[in-house]
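**Student:**
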Amino acid sequence: MSADLCRLCKGTMMLLALALASCRTAKSVVAAVEVKPSTFLEHAGNLREVRERSPFLGNWWDPDKKMVATLEKVKKIYIAPVQHSHVRPMEGIIPKIEYGSWRRDRNLPTLAKYTRKKFIQVFKDSKNPRFTVVDEPGKEAVTLELSLLEWVPNTYTGFAVREVVDWVTFDGVAAVTLKGTRGVIAIEGRMIEPKSGKSFFEFADKEIGKTVLILPIQEFFPSGQAHFAITEWAKQLEELLRTKADVKVKDSFPVVLWNY
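If you're matching positions, the sequence shown starts at 779 in our numbering and goes up one per residue.
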């Protein structure tokens, strides 16, 4: 059996194992990912996993039925500029040495602009949209406010180390044992009701670079993992907001065939 085929078989076995993690997302079970929201969220202490409905690690909905009834009539959404003042100090020796905290901080505004652009694009491109995206906030539009919470860029050194470990052991071993070498990004967000100015939904989530079995394109760019996660978040939130309460919005596995 060739090395490539052997690696793919190992990865397939791992994907099947992850599929068994049905009570909680494979992200929180296998990758042991946790997210700690900041003071950006008013109800940060009340966030919890709701696996039967949401892919995010932390969720809070306003239980007020009047609020729900009011929001059903709102058909517009304004996506505000993404904040990055709550981003925490970068962790990991390899990212600090190869990329540098100063360089990371310098590129945060660019990543924040990308995040907003991607969310706007996903909501506009929805095939069955609940909301029409507007350019300005108003009394007839809910507001989506987002804040970046963590960002550790990809590094070539970290990628090389993980590849060596995975080749000599098992695909995914490096993901568990060498978390400090992977790209990381976390986000938090809140949906604001237009007339009261109160949040009716808050969420937080964190993604660690996935194990890619075929072509890990995202690993070749410092912001590759972040861009991939941001795109997933935008699609997941758009689906969560337009579907009924009994619909489960699925999360992706920590191990994927490709990531582009």
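All C-beta atoms in this analysis are idealised placements derived from N, C-alpha and C, irrespective of residue type, glycine included.
By how many angstroms is the C-alpha of Glu928 removed from the C-alpha of Val860?
**Tutor:** Cα to Cα, the separation comes out at about 13 Å.
**Student:** Would a C-beta distance cut-off of 9 Å place Leu926 and His821 closer than the cut-off?
**Tutor:** The answer is no: Cβ separation not under 9 Å.
**Student:** Please report the residue range of the alpha helix (DSSP H) in which Phe1006 lies.
**Tutor:** First-last of the alpha helix (DSSP H) with Phe1006: 1002 to 1020.
**Student:** Do Ala964 and Glu985 come within 9 Å of each other at the CB atom, strictly closer than that value?
**Tutor:** For Glu985 and Ala964, yes; Cβs fall inside 9 Å.
**Student:** Would you report the Cα separation of Lys1026 and Arg1020, rounded to the nearest angstrom?
**Tutor:** Near 12 Å, if we compare the C-alpha coordinates of Arg1020 and Lys1026.
**Student:** Name the two residues that bound the continuous beta strand (DSSP E) containing Phe909.
**Tutor:** Taken as a continuous stretch (DSSP letters only), Phe909 belongs to no beta strand (DSSP E), as it is neither H nor E.
**Student:** Give me the Cα-Cα distance between Glu980 and Pro815, rounded to the nearest whole angstrom.
**Tutor:** Approximately 10 Å between the Cα atoms of the pair.
**Student:** If you follow the alpha helix (DSSP H) that Arg866 is part of, which residue opens it and which one closes it?
**Tutor:** Careful: Arg866 lies outside any alpha helix (DSSP H) and carries neither H nor E.
**Student:** When you compare each of Thr910, Gly1002, Glu914, Pro931 to Pro867 by their alpha carbons, which one comes out closest?
**Tutor:** It is Pro931.
**Student:** Please report the straight-line C-alpha distance between Arg726 and Lys843, rounded to a whole angstrom.
**Tutor:** Coverage of the chain is limited to positions 779 through 1038, which leaves residue 726 absent and any answer about it impossible.
**Student:** Looking only at its chain, what residues have a beta carbon closer than 7 Å to the beta carbon of Gln1003, apart from the 5 residues adjacent to it on each side?
**Tutor:** Hits under 7 Å: Asn932, Gly961, Ile963, Gly987, Gln996.
**Student:** Let me confirm a value: Gly823 is counted as buried when at least 16 other C-beta atoms fall within 10 Å, else exposed. Which label applies?
**Tutor:** Result: exposed.
**Student:** Would you report the Cα separation of Asp1024 and Ser832, rounded to the nearest angstrom?
**Tutor:** Approximately 10 Å between the Cα atoms of the pair.
**Student:** Check the C-beta distance from Glu971 over to Val920 and give it rounded, since I have them as a contact under 8 Å.
**Tutor:** Right, the Cβ-Cβ distance comes to about 6 Å (below 8 Å), so this counts as a contact.
**Student:** Under a three-way DSSP split, which group does Ser800 fall into?
**Tutor:** Residue confidence is low: Ser800 scores 43 on pLDDT, short of 50, so the model does not pin down where it sits. No coordinate-derived value is stated.
**Student:** Tell whether a beta-carbon distance below 9 Å holds between Lys1022 and Thr848.
**Tutor:** Not closer than 9 Å, so no.
**Student:** Around the C-beta of Ser1001, are 16 or more other C-beta atoms found within 10 angstroms, so that it is buried, or is it exposed?
**Tutor:** When all chains shown are included, Ser1001 counts as buried.
**Student:** Taking the alpha helix (DSSP H) that Asn885 belongs to, which residues open and close that run?
**Tutor:** Segment 879 to 903, the alpha helix (DSSP H) holding Asn885.
**Student:** In its own chain, which residues sit with a C-beta less than 7 Å from the C-beta of Arg802, not counting the 5 before and 5 after it?
**Tutor:** Any reading at Arg802 needs caution, since the residue's pLDDT is 47, under 50, leaving its predicted position unreliable; the model's value is listed next. Closer than 7 Å at Cβ, skipping near neighbours: Glu827, Arg829.
**Student:** Less than 7 Å between C-beta atoms, sequence neighbours within five positions excluded: which residues of the same chain meet that for Asn906?
**Tutor:** Taken in chain order, the residues that qualify are Arg1020.
**Student:** Measure from the alpha carbon of Tyr856 to the alpha carbon of each residue in Glu914, Phe1031, Gly836, then state which is nearest.
**Tutor:** Measuring from the Cα of Tyr856, the nearest candidate turns out to be Glu914.
**Student:** Looking at the strands, I want to know which residues DSSP matches up with Asn837.
**Tutor:** Answer by DSSP bridge pairing, in chain order: Arg826, Phe981.
**Student:** Beta strand (DSSP E) containing Leu924: first to last residue?
**Tutor:** Leu924 -> beta strand (DSSP E) spans 919 to 930.
**Student:** Going by the beta-carbon positions, is the gap between Arg968 and Phe834 smaller than 9 Å?
**Tutor:** No, the Cβ-Cβ distance between Arg968 and Phe834 is not below 9 Å.
**Student:** If you follow the beta strand (DSSP E) that Lys721 is in, where does it begin and where does it stop?
**Tutor:** Residue 721 falls outside the range modelled here, since the chain spans only 779 to 1038, and no answer is possible.
**Student:** Could you name the residues of the same chain whose beta carbon sits closer than 6 Å to that of Ala1007, not counting the 5 residues immediately before and after it, in chain order?
**Tutor:** Within the same chain, Ala1007 has close Cβ partners Ile963, Glu985.
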